[in-house]
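The structure appears right after this line, and notes come after that.
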Amino acid sequence: MTRRMPPIISVSHLSKTYGSGLKALNDVNLDIERGEIFALLGPNGAGKTTLISIICGIANPSAGTVSVDGHDNIKDYRAARSMIGLVPQELHTDAFESVWATVSYSRGLFGKPANPAYIEKILRDLSLWDRRDSRIMTLSGGMKRRVMIAKALSHEPQILFLDEPTAGVDVELRKGMWDVVRTLRDSGVTIILTTHYIEEAEEMADRIGVINKGEIILVERKAELIQKLGKKRMTLHLVEPIDVVPASLAEYRLELGENRDELIYNYDSKANHTGITGLLAALRDAGIRFHDLDTTQSSLEEIFVSLVRG
Amino acid sequence: MNWRAVRAIYLFEMARAWRTLLQSVVSPVLSTSLYFVVFGAAIGSRISEIDGVSYGTFIVPGLIMLSVLTQSISNASFGIYFPKFSGTIYELLSAPVSFFEAVLGYVGAAASKSIILGLIILATAGLFVPLHILHPFWMITFLVLTAVTFSLFGFIIGVWADNFEKLQVIPLLVVTPLTFLGGSFYSIDMLPPGWQTIALFNPVVYLISGFRWSFYEISDVSLGVSLALTLSFLALCMVTIWLIFRTGYRLKN
Chain Y
9 MTRRMPPIIS VSHLSKTYGS GLKALNDVNL DIERGEIFAL LGPNGAGKTT LISIICGIAN
69 PSAGTVSVDG HDNIKDYRAA RSMIGLVPQE LHTDAFESVW ATVSYSRGLF GKPANPAYIE
129 KILRDLSLWD RRDSRIMTLS GGMKRRVMIA KALSHEPQIL FLDEPTAGVD VELRKGMWDV
189 VRTLRDSGVT IILTTHYIEE AEEMADRIGV INKGEIILVE RKAELIQKLG KKRMTLHLVE
249 PIDVVPASLA EYRLELGENR DELIYNYDSK ANHTGITGLL AALRDAGIRF HDLDTTQSSL
309 EEIFVSLVRG
Chain D
-13 MNWRAVRAIY LFEMARAWRT LLQSVVSPVL STSLYFVVFG AAIGSRISEI DGVSYGTFIV
47 PGLIMLSVLT QSISNASFGI YFPKFSGTIY ELLSAPVSFF EAVLGYVGAA ASKSIILGLI
107 ILATAGLFVP LHILHPFWMI TFLVLTAVTF SLFGFIIGVW ADNFEKLQVI PLLVVTPLTF
167 LGGSFYSIDM LPPGWQTIAL FNPVVYLISG FRWSFYEISD VSLGVSLALT LSFLALCMVT
227 IWLIFRTGYR LKN
């Protein structure tokens, strides 16, 4: 019998109300498993950054606790924070410092002895080695983002928070960053990312949490989430266009494609009766012939939108 | 104790001083030299000796204190304000660094810069007027205490300020007038009796008096009182900073 590893981060009954009265988090409970990539999705103002800020020690909670590998992040903050690297959403950089100096500074701040070989490896992995002596103000936005990742990795964290890591980054660089994240995960680093790009969560996450109005409304394995909540769509490519959907097919709520040569049927793949057999029989009875059909699954984005809209 | 973090913050702040050498060192030295030219040579020659010390020599401790006070506040307040302004404060707050370690790094660097500057100004003064220091130990003690205390005070201002105007308002509207009225350029014995009493409410009087005593054994108030008040202000600043970190005031909320 295998024993389940305890979560590397455990958030319990966490609430945060700002001085202005804004309730950013409301009784949030969340466990992050070791070695996973966890994507936290939510619309603007949902509480993603507040949650990350509290876990990392940047903001004080109003109530609740956070445990990082068994260490309370307030009472035992040194042990908790030592394990975490954070790449914040905004590009906060020391404009006048060199890349090398700012990354080395971060390592020192986390109490690690100087290790030029390790810093060199990070900078090479992030394609920053050639710019190590450049002042940060001279770098492009994408490079600055990578500098922030390098700073977060400088103290060899076991947990990495990426708050909107690819915001404003071009497609090629975004894919390069995904590779970096996957490599980190393969090396045993637990990664928590927030993103607006559903594609990013779909591409990388093992589990997905959805937060809305300060509450976690769902946490699920990505594949199960898509399977559980995802609708499937079957498209029938007709041999001859039709003007209207026959009344005999009304119960299937078919949509007619733009060119009137496609019939689209939405169904629940997990339901006991998908209705496909009956539909195909009804089409034959109505004299409608098709030469091809294909099915597609709902994207995470469609699921996300439907969840948030409630 | 995370000494590596203290070292990292300290060296980072000191590196900033080297990058801005003109502003950090050359500018205050030039200003002080101008004071010596104007008050020491041009006007000072028309002023009689004060307690047996020529006017040019008399103002040296006050001028050093003037620079140490203003630079300590400026260095420390900017040191902590700029990360808040640029957003890089997130890194300090998320690092395994205690409030004491953070203060040690920032205030240590600000005080170091001020002490170095004070010694450079002292050396510069030696080019203009004859100098003698009767109590070097007390001179260094007052220099270090003042630099540390006002760096702590500057740190508080830097945390409190949420824009550049607030960063400047206390140094310009409070500290500079208090310093000029604190006996930098005169002994408070030279003031009318009423103003002498008012001057005793100015904390800078005690700093300058103690510092000047270490040079020439002349002072407006006793050494013990100077020392006690300086240490009291130091303690007040430390308690305030402890409360700032304990509550997260202007840092974590």
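Heads up: the protein sequence lines correspond to chains Y and D, in order. Residue numbering for the first sequence follows this note's numbering, beginning at 9 and increasing consecutively. Residue numbering for the second sequence follows this note's numbering, beginning at -13 and increasing consecutively. Cβ atoms here follow ideal geometry from the backbone N, Cα and C, with glycine treated the same way.
Item checked: Bridge partners - Ser70 (chain Y), DSSP secondary structure assignment -> Translated into positions along the first sequence, residue 70 (chain Y) becomes position 62. Note: Ser70 (chain Y) sits in no beta bridge, so no partner.
Notebook entry, point to check: Using a threshold of 6 Å, is the CB atom of Leu201 (chain Y) nearer than that to any non-hydrogen atom of the ligand SAM?
Noted result: As presented, the structure is devoid of all ligands, the ligand SAM included, so that no description of it is given.
Checklist line | CB of Lys230 (chain Y) within 7 Å of CB of Ala213 (chain Y), strictly | finding: For the purposes of this step, residue 230 (chain Y) is identified with residue 222 of the first sequence, where counting begins at 1. For the purposes of this step, residue 213 (chain Y) is identified with residue 205 of the first sequence, where counting begins at 1. Yes, Cβ-Cβ distance for Lys230 (chain Y) and Ala213 (chain Y) is below 7 Å.
Checklist line | Met9 (chain Y) in three-state terms, based on DSSP | finding: Walking along the first sequence from the start, residue 9 (chain Y) turns up at place 1. Caution is warranted here: a pLDDT of 46 is assigned to Met9 (chain Y), below 50, making its placement in the model unreliable, and the coordinate value is therefore given only provisionally. Coil, per DSSP.
Checklist line | chain D contact residues for Phe104 (chain Y), given Cβ-Cβ distances below 7 Å | finding: Here residue 104 (chain Y) refers to the residue found at position 96 when the first sequence is read from its first residue. Those within 7 Å of Phe104 (chain Y) in chain D are Arg5.
Notebook entry, point to check: Closer than 7 Å, Cβ to any Cβ of chain Y: which residues of the segment 82 to 98 of chain D, in chain order?
Noted result: Pro82, Val83
Check: In angstroms, rounded to a whole number, what distance separates the CA positions of Glu164 (chain Y) and Arg89 (chain Y)?
Finding: Taking the first residue of the first sequence as 1, we reach residue 164 (chain Y) at position 156. Taking the first residue of the first sequence as 1, we reach residue 89 (chain Y) at position 81. Approximately 12 Å, taken between the alpha carbons.
Check: Checking contacts by CB at 7 Å: is Ser28 (chain Y) closer than that to chain D?
Finding: Taking the first residue of the first sequence as 1, we reach residue 28 (chain Y) at position 20. So, not an interface residue.
Item checked: Option nearest Gly217 (chain Y) by Cα separation, candidates Y:Leu49, Y:Arg143, Y:Ser23, Y:Val36 -> As a first step, residue 217 (chain Y) is located in the first sequence; it is residue number 209 there, counting from the start. Of Y:Leu49, Y:Arg143, Y:Ser23, Y:Val36, the residue nearest in Cα terms is Y:Leu49.
Notebook entry, point to check: So, helix, strand or coil for Phe114 (chain D), using DSSP?
Noted result: In the second sequence, residue 114 (chain D) corresponds to position 128, counting from 1. DSSP places Phe114 (chain D) in helix when its eight states are reduced to three.
Next item on the list: Output yes if chain D places a C-beta closer than 7 Å to the C-beta of Ile66 (chain Y); else output no.
Entry: By 1-based counting over the first sequence, the position of residue 66 (chain Y) is 58. Interface residue, yes.
Notebook entry, point to check: Residues of chain Y with a CB under 7 Å from the CB of Gly73 (chain D): which are they?
Noted result: Looking up residue 73 (chain D) in the second sequence gives position 87. Result: Glu98, His100.
Next item on the list: Measure from the alpha carbon of Leu271 (chain Y) to the alpha carbon of each residue in Y:Ser112, Y:Val189, Y:Leu291, then state which is nearest.
Entry: As a working note, residue 271 (chain Y) is residue 263 in the first sequence. With distances taken between Cα atoms, Leu271 (chain Y) lies closest to Y:Leu291.
Checklist line | Contacting positions in the segment 77 to 91 of chain Y - beta carbon closer than 7 Å to chain D | finding: Tyr85, Arg86, Arg89, Ser90
Item checked: Ser13 (chain D) burial status per 10 Å Cβ neighbour count (16 or more: buried) -> As a position in the second sequence, residue 13 (chain D) is number 27, starting the count at 1. Flag for Ser13 (chain D) reads exposed.
Check: Can you name the residues that DSSP bridges to Leu201 (chain Y)?
Finding: Counting from 1 along the first sequence, the entry for residue 201 (chain Y) is found at position 193. Answer is Y:Ala47, Y:Leu170, bridged to Leu201 (chain Y).
Margin query: Which of the three DSSP states is assigned to Glu41 (chain Y) in this structure?
Written below: By 1-based counting over the first sequence, the position of residue 41 (chain Y) is 33. Glu41 (chain Y): coil per DSSP, three-state reduction.
Next item on the list: Report the rounded CA-to-CA distance for Trp199 (chain D) versus Pro178 (chain D), giving the unit in angstroms.
Entry: Taking the second sequence and counting its residues from 1, the one referred to as residue 199 (chain D) is at position 213. Taking the second sequence and counting its residues from 1, the one referred to as residue 178 (chain D) is at position 192. Near 22 Å, if we compare the C-alpha coordinates of Pro178 (chain D) and Trp199 (chain D).
Next item on the list: Over the uninterrupted alpha helix (DSSP H) stretch that includes Phe128 (chain D), give me the two end residues.
Entry: For the purposes of this step, residue 128 (chain D) is taken as the residue at position 142 of the second sequence. Counting along the chain, the alpha helix (DSSP H) containing Phe128 (chain D) begins and ends at 122 to 146.
Next item on the list: Sort out for me which residues DSSP pairs Phe298 (chain Y) with in a bridge.
Entry: Residue 298 (chain Y) sits at position 290 when you count from the first residue of the first sequence. In the DSSP output, where bridge partners are listed per residue, Phe298 (chain Y) has Y:Leu246.
Item checked: Minimum C-alpha distance to Thr191 (chain Y) - residue among Y:Arg215, Y:Leu301, Y:Asp80, Y:Leu161 -> Translated into the one-based positions of the first sequence, residue 191 (chain Y) becomes position 183. The shortest Cα separation from Thr191 (chain Y) among Y:Arg215, Y:Leu301, Y:Asp80, Y:Leu161 belongs to Y:Leu161.
Item checked: Rounded C-alpha distance that separates Thr243 (chain Y) from Ile234 (chain Y) -> Locating residue 243 (chain Y) in the first sequence gives position 235, counting from the first residue. Locating residue 234 (chain Y) in the first sequence gives position 226, counting from the first residue. Their Cα atoms are separated by approximately 19 Å.
Check: Do you know offhand how far Met145 (chain Y)'s Cα is from Val145 (chain D)'s?
Finding: Sequence index remark: in the first sequence, residue 145 (chain Y) carries index 137 (1-based). Sequence index remark: in the second sequence, residue 145 (chain D) carries index 159 (1-based). If you take the alpha carbons of Met145 (chain Y) and Val145 (chain D), they lie about 25 Å apart.
Margin query: Helix, strand or coil, according to DSSP, for Lys159 (chain Y) in the structure here?
Written below: Within the first sequence, the letter at position 151 stands for residue 159 (chain Y). It is helical.
Check: Where does Gln57 (chain D) land, buried or exposed, given buried means 16+ other C-beta within 10 angstroms?
Finding: For the purposes of this step, residue 57 (chain D) is taken as the residue at position 71 of the second sequence. It is buried - the Cβ of Gln57 (chain D) has at least 16 other Cβ atoms within 10 Å.
Check: Counting pairs of Cβ atoms below 8 Å between the segment 17 to 27 of chain D and the segment 103 to 116 of chain D, do you hit three or more?
Finding: yes
Note to self: Let's test the definition: count the other Cβ atoms within 10 Å of the Cβ of Asp194 (chain Y) and tell me whether it reaches 16, buried, or not, exposed.
What the structure shows: In the first sequence, counting from the first residue as 1, residue 194 (chain Y) sits at position 186. Burial call: exposed.
Next item on the list: Starting from Lys159 (chain Y), find everything on chain D with Cβ-Cβ shorter than 9 Å and list it in chain order.
Entry: Here residue 159 (chain Y) refers to the residue found at position 151 of the first sequence. The answer, in chain order, is Glu77.
Note to self: 7 Å is my cut-off, CB to CB: does Gly116 (chain Y) come that close to chain D?
What the structure shows: The count along the first sequence starts at 1 and reaches residue 116 (chain Y) at position 108. For Gly116 (chain Y), the answer is yes, since a Cβ of chain D falls inside 7 Å of its Cβ.
Notebook entry, point to check: In or out: Asn(-12) (chain D) buried (at least 16 other Cβ within 10 Å) or exposed?
Noted result: Residue -12 (chain D) sits at position 2 when you count from the first residue of the second sequence. Looking at its Cβ environment, which holds 16 or more other Cβ atoms inside 10 Å, Asn(-12) (chain D) is buried.
Next item on the list: Measure the Cβ-Cβ separation of Ile66 (chain Y) and Leu129 (chain D) and say whether it is below 7 Å.
Entry: Residue numbering aside, residue 66 (chain Y) sits at position 58 when the first sequence is read from its first letter. Residue numbering aside, residue 129 (chain D) sits at position 143 when the second sequence is read from its first letter. Contact: no.
Margin query: Between Leu193 (chain D) and Met51 (chain D), how many whole angstroms is the CB-CB distance? I'm expecting something under 8 Å.
Written below: By one-based count along the second sequence, residue 193 (chain D) stands at place 207. By one-based count along the second sequence, residue 51 (chain D) stands at place 65. With 8 Å as the limit, Leu193 (chain D) and Met51 (chain D) qualify as a contact, their Cβ atoms being about 6 Å apart.
Note to self: Is Tyr113 (chain Y) close to chain D? Criterion is C-beta to C-beta, closer than 7 Å.
What the structure shows: Position 105 of the first sequence, counted from the start, is the residue given in the question as residue 113 (chain Y). Chain D, which has a Cβ nearer than 7 Å to the Cβ of Tyr113 (chain Y), makes this yes.
Note to self: Just checking: is the beta-carbon of Asn(-12) (chain D) within a distance shorter than 7 Å of some beta-carbon in chain Y?
What the structure shows: Residue numbering aside, residue -12 (chain D) sits at position 2 when the second sequence is read from its first letter. By this cut-off, Asn(-12) (chain D) is an interface position.
Next item on the list: Could you please give me the residues that DSSP links to Glu228 (chain Y) through a beta bridge?
Entry: Here residue 228 (chain Y) refers to the residue found at position 220 when the first sequence is read from its first residue. Per DSSP, Y:Ile216.
Check: Which same chain residues, not among the five before or five after Val22 (chain Y), have their C-beta less than 6 Å away from its C-beta?
Finding: In the first sequence, residue 22 (chain Y) corresponds to position 14, counting from 1. Note that residue 22 (chain Y) is Leu in the sequence shown here, rather than Val. Leu33, Val36, Pro69, Gly72.
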